[in-house]
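Below: one structure, written as structure tokens.
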Amino acid sequence: MSDKVYMTPNPPTPNKGQKFDPILCNGCNSCVEVCPTDVMMPNPEQEKPPIVLYPEECWFCGACIEECGTGALSMAHPLSQNISVNWQRKETGAYFRLGMKNPPLPNRRPPSGGNR
Amino acid sequence: MTTWNEYVEQRGTLPEWPYPIRYGQESEIAADVLIVGGGVAGCHAAISAARQGAKVVIAETGHVKRSGSGGAGVDHWHGACMNPCSKVTPLDYTVAVMESAHGYSNGMARYITCTEGWDTLLECEGMGVQIRDVHDEFKGADFRDDQTKLMFAYDYKNRHIVRIWGYNLKQCLYYEMKRLGIGMYNRTVVTSLLTEGARQGGRVVGATGVNMRTGEFYIFKSKATIIASGGGGRLFSFAPEMTAAGAMSTMNSAGTGHAVGWDAGAEFVLMEQTGPGRLSGFGYAPYSMGNTSNTYHGTSIVDANGKEVPWFDPYGRELKTVEERFLPTPEQKFHLGIGIGLYSYADQYRANDLARDLTDRIRKGEFQLPLYADLTRLSELERRCIFGMMVGNEGKTRIPIYDTLTKAGFDPDKDLLQAPVMLPEGYQHSNFWGGTPIPHLRSLAGGGFLVDWDLRTSLEGLYAAGTSPVFGAGCHGESHTMGRYAARKAAAYAATSAEPVVDRKQVEAEKARAYRPIKQNKNGVGWKELNYAIARVMQDYCGKYKNERTLNRGLSLLNELKENEGATAYAANPHELGRTMECFSLITLGEMVMHASLARKCSSVYLDFYRLDYPQMDPPEWERHLPMRQEDGRVEVRELPLDFHLKTPYASTYEENYERHAH
Chain X
1 MSDKVYMTPN
11 PPTPNKGQKF
21 DPILCNGCNS
31 CVEVCPTDVM
41 MPNPEQEKPP
51 IVLYPEECWF
61 CGACIEECGT
71 GALSMAHPLS
81 QNISVNWQRK
91 ETGAYFRLGM
101 KNPPLPNRRP
111 PSGGNR
Chain B
1001 MTTWNEYVEQ
1011 RGTLPEWPYP
1021 IRYGQESEIA
1031 ADVLIVGGGV
1041 AGCHAAISAA
1051 RQGAKVVIAE
1061 TGHVKRSGSG
1071 GAGVDHWHGA
1081 CMNPCSKVTP
1091 LDYTVAVMES
1101 AHGYSNGMAR
1111 YITCTEGWDT
1121 LLECEGMGVQ
1131 IRDVHDEFKG
1141 ADFRDDQTKL
1151 MFAYDYKNRH
1161 IVRIWGYNLK
1171 QCLYYEMKRL
1181 GIGMYNRTVV
1191 TSLLTEGARQ
1201 GGRVVGATGV
1211 NMRTGEFYIF
1221 KSKATIIASG
1231 GGGRLFSFAP
1241 EMTAAGAMST
1251 MNSAGTGHAV
1261 GWDAGAEFVL
1271 MEQTGPGRLS
1281 GFGYAPYSMG
1291 NTSNTYHGTS
1301 IVDANGKEVP
1311 WFDPYGRELK
1321 TVEERFLPTP
1331 EQKFHLGIGI
1341 GLYSYADQYR
1351 ANDLARDLTD
1361 RIRKGEFQLP
1371 LYADLTRLSE
1381 LERRCIFGMM
1391 VGNEGKTRIP
1401 IYDTLTKAGF
1411 DPDKDLLQAP
1421 VMLPEGYQHS
1431 NFWGGTPIPH
1441 LRSLAGGGFL
1451 VDWDLRTSLE
1461 GLYAAGTSPV
1471 FGAGCHGESH
1481 TMGRYAARKA
1491 AAYAATSAEP
1501 VVDRKQVEAE
1511 KARAYRPIKQ
1521 NKNGVGWKEL
1531 NYAIARVMQD
1541 YCGKYKNERT
1551 LNRGLSLLNE
1561 LKENEGATAY
1571 AANPHELGRT
1581 MECFSLITLG
1591 EMVMHASLAR
1601 KCSSVYLDFY
1611 RLDYPQMDPP
1621 EWERHLPMRQ
1631 EDGRVEVREL
1641 PLDFHLKTPY
1651 ASTYEENYER
1661 HAH
């Protein structure tokens, strides 16, 4: 990241739909291939994560994450969604939400069915 | 910032378009059966036609592997009346739907999908979809049959709606399509149908399309064509930055099939029926918040003090137990269930629900917000089924809801999932995550191609399949089943039909129209701004309350968008080109809704349709279909009885019509 400040348009909204781990991503572009709305474009550089060109066309279906073979890709809902999904622990009355600081331990129970 | 910004800042240059640009290049593709739209209807149609021996080609805007409203999963299959545990016959079901809709539905499609829906589901099982509790996770549950291991939704007594593990259903269809060698043209926006002699109303002999990655032009030549392109999600509402995550349909939902069919001269019905803005996308991600509808049906709802909201049967009697929520009352035949493209229910088929006066009781302070979904009040098996099986397989839930929430620590065994906090009116429908209804954001509902008992449209060689292309049809499972059925008919027609002849002049004209956006001045309006304007016109001039003047004004304004700003709209790359062409389809779709609205000179509770200049509610002389089509630059409207499908030239019973047409 350079110290210079540039003229750039407002940050795309939403823009956290796809998060690539640069170490795990090998630029296979399986996610690019399968996206229903062609949100991502192959990076001009080989083995680099795709460029998210149309973040606002993202349907948040998770197809790209399911397709990713290395676990490099994760999804975050738009902030307006994260701030809304709240739950409360019955026992303690404590509140939780998606994307909170110091989140609780994950619930590791897999979904039902054969492919978990 | 995004990876695009990072790239530009580090390189100091814009990345070039990553795909070869092929503007103007043509590819001619011949097929026996062309399928427009690769959602579940189109894919099942492709498989069905290929199994009949037809050479099949499918054109899809996204990628067939995950595209369409059903592409991200499904958790239950409606109308599986022929499953071994079902106590509902296809006739029972069809009568129930037609009665609930007061005749404004499609008896043919309902009867066909109920008769063949179970077989179609078995085909999905054969392709690798889990439709039974093969791992015995739910042994002993009141929604499970121990012998067949089938599990049921909504009505545990009559067992005609099957719960399925459909998160990967689309992939299973896709792999079967690959195995069958079906020609798949992904990233393709269909821009027109080609007709014999270029005549509006002539036999459909193919289609044109543009590739959204390369910009090349496709000329499909086909003996038979099936429209399976879904609905028009972008018509009344367009604000993707805010709605895409909450929307039930993707950005590709632009009414393409309707528009190209209308331009080709096909007949449509019920386009004047629209729905209230309950699933506008301005709510929350589907199934992400506490509620008790659909996938969550039966979930207990409590208020901020833990006070439970009571459940009632359709006759106003309070239910005493959780188990009762999934059972019909003695006076009822069976529950139809939610999400089958029905906008009203006759009491004897309506499911149990929360107190109907919940909104009032909130206003009066009896229930304190926020409300919560308390899954701990359900049996362990029901709880696990709802959150773990249904949420986990339903569309957009495996990663976005199940994975995301559990990784963040949510545990349905211990936690209360908050419902959205919204205006009291928002709780009128127990599908809370839809958000407060937004009254001026209507949605398409029930309108589509007028089809016959072969699911053939009014045009020779053109068939329709799926929710929305087929008028008055159901949802996910029904879409598969319609695709499968229509494809049999399309393949049979293709096997004996004359060779299609494509009119080169029609192709040239369409090609010029399709490339116009890339030839414009760069200052031309962009596709998104054009789409916002179309939605604006629809919201204002084609809202819940209409009159002749405002409808005609709306038509003029849509035409202005087409001839004026639309004509100079600029597309900087093939993606924008495809999206711009979709905008033209949306304009056509909007015109269709306005024309249909002009034709119905009365108001109707059943169609949620109100004419300020014709306020009379459902007068008997207007209780009919009003098929409309284009001919020689005019819109022609005629009348058809609501039960036309049981009158000459058809037989008078559903069973007999099915016997005559199905095989």
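Chains as they are written, first to last, in my numbering: chain X, 1 to 116; chain B, 1001 to 1663.
Note that beta-carbon positions come from the ideal geometry of N, C-alpha and C, so glycine has one too.
Bear in mind that the values here come from a model prediction, so they are computed numbers and not experimental data.
Check: Contact with chain B by X:Gly69, beta-carbon distance below 8 Å; Outcome: no
Check: C-beta contact flag for B:Lys1489 and B:Tyr1515 at 8 Å; Outcome: no
Check: B:Ser1229 and B:Pro1469 closer than 8 Å at C-beta; Outcome: yes
Check: B:Ala1264 to B:Thr1195 span [Cα, whole Å]; Outcome: 7 Å
Check: For B:Cys1172 and B:Tyr1485, the rounded distance between their alpha carbons; Outcome: 19 Å
Check: For B:Tyr1587, the first and last residue of its enclosing alpha helix (DSSP H); Outcome: Tyr is not the amino acid found at residue 1587 of chain B; the sequence shown has Ile there. 1574-1599 is the extent of the alpha helix (DSSP H) around B:Ile1587.
Check: Span of the beta strand (DSSP E), counted from its first residue to its last, around B:Met1628; Outcome: 1628-1631
Check: Closer than 9 Å at the beta carbon, the chain X residues around B:Ala1245; Outcome: Pro14, Gly17, Cys58, Trp59, Phe60, His77, Pro78, Ser80, Gln81
Check: Classification of B:Ala1491 by the beta-carbon crowding that lies within 10 angstroms, buried from 16 upward; Outcome: buried
Check: Whether X:Gly71 touches B:Arg1398 by CB criterion (8 Å); Outcome: no
Check: Neighbour flag for X:Gly27 against chain B, beta carbons, 8 Å; Outcome: no
Check: Cβ contact check for the stretch 1116-1129 of chain B and the stretch 1072-1089 of chain B: 3 or more pairs under 8 Å; Outcome: yes
Check: C-alpha distance - B:Ser1249 paired with B:Glu1380, whole-angstrom precision; Outcome: 32 Å
Check: Within the stretch 1016-1077 of chain B, ranges of the alpha helix (DSSP H) (whole runs, at least 4 residues); Outcome: 1040-1051
Check: DSSP state of X:Asn26 mapped onto helix, strand, coil; Outcome: coil
Check: CB of X:Arg108 within 8 Å of CB of B:Asp1415, strictly; Outcome: no
Check: Where B:Thr1406 sits in the DSSP three-state scheme; Outcome: helix
Check: Cα-Cα separation between B:Ile1226 and B:Phe1220, rounded to whole angstroms; Outcome: 13 Å
Check: For B:Leu1444, three-class secondary structure by DSSP; Outcome: strand
Check: Contacts around X:Arg116, its chain only, beta-carbon distance under 6 Å, and the 5 residues preceding and following it disregarded; Outcome: Reliability fails at X:Arg116, whose pLDDT of 47 lies under 50, so the model's placement of it is uncertain and the value that follows must be treated cautiously. Around X:Arg116: Pro110.
Check: Terminal residues of the alpha helix (DSSP H) in which B:Asp1092 lies; Outcome: 1090-1100
Check: Reduced DSSP category for B:Gly1183 - H, G, I as helix; E, B as strand; rest coil; Outcome: strand
Check: Proximity test, B:Glu1123 beta-carbon vs the ligand ZN heavy atom, cut-off 7 Å; Outcome: The model depicted lacks the ligand ZN and carries no ligand whatsoever.
Check: Closer than 7 Å at the beta carbon, the chain A residues around B:Tyr1284; Outcome: The chain inventory of the structure shown lacks chain A, comprising the protein chains X and B.
Check: Nearest-angstrom Cα separation, counted from B:Val1269 out to B:Gly1446; Outcome: 9 Å
Check: Closer than 8 Å to chain X by CB, B:Tyr1372; Outcome: yes
Check: Positions along the stretch 1557-1583 of chain B whose CB lies within less than 8 Å of some CB in chain X; Outcome: His1575
Check: As assigned by DSSP and simplified to three states, the class of B:Gly1554; Outcome: helix
Check: Secondary structure of B:Ile1338, DSSP reduced to three states; Outcome: coil
Check: Straight-line Cα distance separating B:Asn1431 from B:Asp1411; Outcome: 21 Å
Check: Any chain X beta carbon closer than 8 Å to B:Pro1015; Outcome: yes
Check: Under 8 Å between C-beta atoms of B:Leu1371 and B:Ile1301; Outcome: yes
Check: C-alpha distance - B:Phe1217 paired with B:Thr1496, whole-angstrom precision; Outcome: 29 Å
Check: Where B:Ala1239 sits in the DSSP three-state scheme; Outcome: coil
Check: Residue range of the beta strand (DSSP E) that includes B:Asp1119; Outcome: Here B:Asp1119 belongs to no beta strand (DSSP E); instead the alpha helix (DSSP H) covers 1107-1126.
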